[in-house]
Structures are given as structure tokens and as C-alpha cells.
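*Asks:*
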Amino acid sequence: MCEIITGFDGAVAHFFASLPPDGALLFIMRAFSLALDNGALPLVLAAVLLIPKKTRFSGICILGSLLICLLICNVTLKPLVQRPRPFEIYGFSPLVATHGDFSFPSGHTAAAFSCAFVVFMSLSRRWGAFALGFALMVGISRLYLRVHFLTDVVSGALIGVMCAILAVCATQALRRFYTHRRLLP
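Shown next as C-alpha cells:
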């Protein structure tokens with residue numbers, strides 16, 4: 000089974016490497032990827048949502064889900080699995096700079112999906128659907144830019160969704176706990 004997945008990953012990596020690396024498509028894919036560098040866009044979104052009281056819950060959940068994603072992806076799984084990036088295995092030229100870490104799982108994709116799923120669960124289904132579409136484009140951009148395998152991106156998306164669910168449930172539980180004890184208004 001592992002050989003089938005590895006073969007499929009390689010075929011997808013070769014497909015994306017065969018696409019032209021110039022023009023508008025490259026600009027668009029770099030923009031999607033850059034929006035998630037160091038969690039930039041999700042952190043800005045969380046900061047904006049923390050300001051109004053009616054969206055503060057969502058902002059807190061986004062920060063929590065990003066922290067959980069960071070701990071799972073970058074602190075635990077990447078060093079544990081130590082999977083090389085596609086360009087390191089197949090000799091492609093990456094189309095964007097990497098942080099010098101490993102490939103599995105895609106932290107950009109995990110962060111994008113965790114933020115999007117928090118928005119979907121706690122703020123608005125319509126804005127959440129838009130955010131999930133954006134997160135999907137982030138995942139595709141990581142494939143196009145030759146820095147991740149398909150399984151890295153799919154795993155990142157699943158981890159992101161799980162982190163969002165965990166963050167929303169934990170924040171709801173804490174809010175109920177503190178409100179019940181009259182520690183919060």
C-alpha cells in the first residue's frame with residue numbers, strides 16, 4: 000500500500016512540475032502561499048476578529064487552532080517523520096523559498112484549513128465556505144510550487160480541520176465553565 004501511495008505522490012509531483020512556472024499562474028500561486036507564511040493572514044484575521052465583542056470568540060478560536068497546528072505539524076510531525084520535499088527527491092527547482100524544514104505535513108495547508116474551519120463553525124457558513132475555498136487554493140499552491148506532496152497537503156488539511164474542531168470545542172467548554180462560575184460576564 001505504501002508503494003502505491005508513494006507512486007501516486009510522485010506522479011502528482013511530476014504533473015505539477017510539468018506545469019509552466021511563469022506568468023500569472025506563478026504569481027497567483029505564490030500569493031496564496033505567501034499569505035500563509037508564518038501564519039500571516041490567519042493572525043491578522045484573528046487580530047481583527049478579537050476587536051468586536053461579537054466576533055471575539057472566533058478570534059480566540061483561530062489563535063487556539065493555529066497554536067495546536069503549530070505544535071502538531073512543525074514541532075511534532077515534521078521532525079518525527081523527516082520527509083524530504085519533492086524537489087529534494089526528484090531534482091525539481093522549487094518555485095518559492097522554503098523554511099528549511101521537512102515536507103510532511105503541510106503547515107501552510109493546516110493553518111489555512113484550521114482558520115477556515117473555525118470561521119465556518121463559529122462565524123458564518125457563507126464566509127466559512129469562501130475561506131475553505133481559499134484554503135484549498137493554498138494547498139494547491141503548495142503542490143504547484145513544488146514544495147509538498149499530495150499526501151502532505153491532504154494530511155495538513157485534515158489536521159487543520161481537527162485543530163479547528165478541538166479549538167472551538169475547548170473554547171466553548173472554557174466559556175461555559177467560566178460563565179457558570181460567574182468569572183466572565
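Taken in order, the sequence shown gives residues 0 to 184; the numbers are from numbering that gives the first Met the number 0.
For every residue, glycine included, the Cβ atom is placed at its ideal position computed from N, Cα and C.
Please read all numbers here as calculations on a predicted model, not as lab measurements.
#1: Can you tell me whether V167 is buried or exposed? The criterion is at least 16 other CB atoms within 10 Å of its CB, across all chains shown.
#2: Here's the rule I'm using: 16 or more other beta-carbon atoms within 10 Å means buried, otherwise exposed. How should D8 be labelled?
#3: Taking just the CA atoms, how far does S57 sit from S140?
#4: Alpha carbon to alpha carbon, what distance is there between F112 and L62?
#5: Please say whether A115 and I158 have beta carbons closer to each other than 9 Å?
#6: So F15 packs on L142, CB below 8 Å; how close in whole Å?
#7: At the level of alpha carbons, what is the spacing between F26 and R174?
#8: In terms of alpha-carbon separation, which member of M120, H13, H107 and M136 lies closest to E87?
*Replies:* So, from the listed chains and residues:
#1: buried
#2: buried
#3: 26 Å
#4: So the two alpha carbons sit approximately 13 Å from each other.
#5: no
#6: 5 Å
#7: 42 Å
#8: H13
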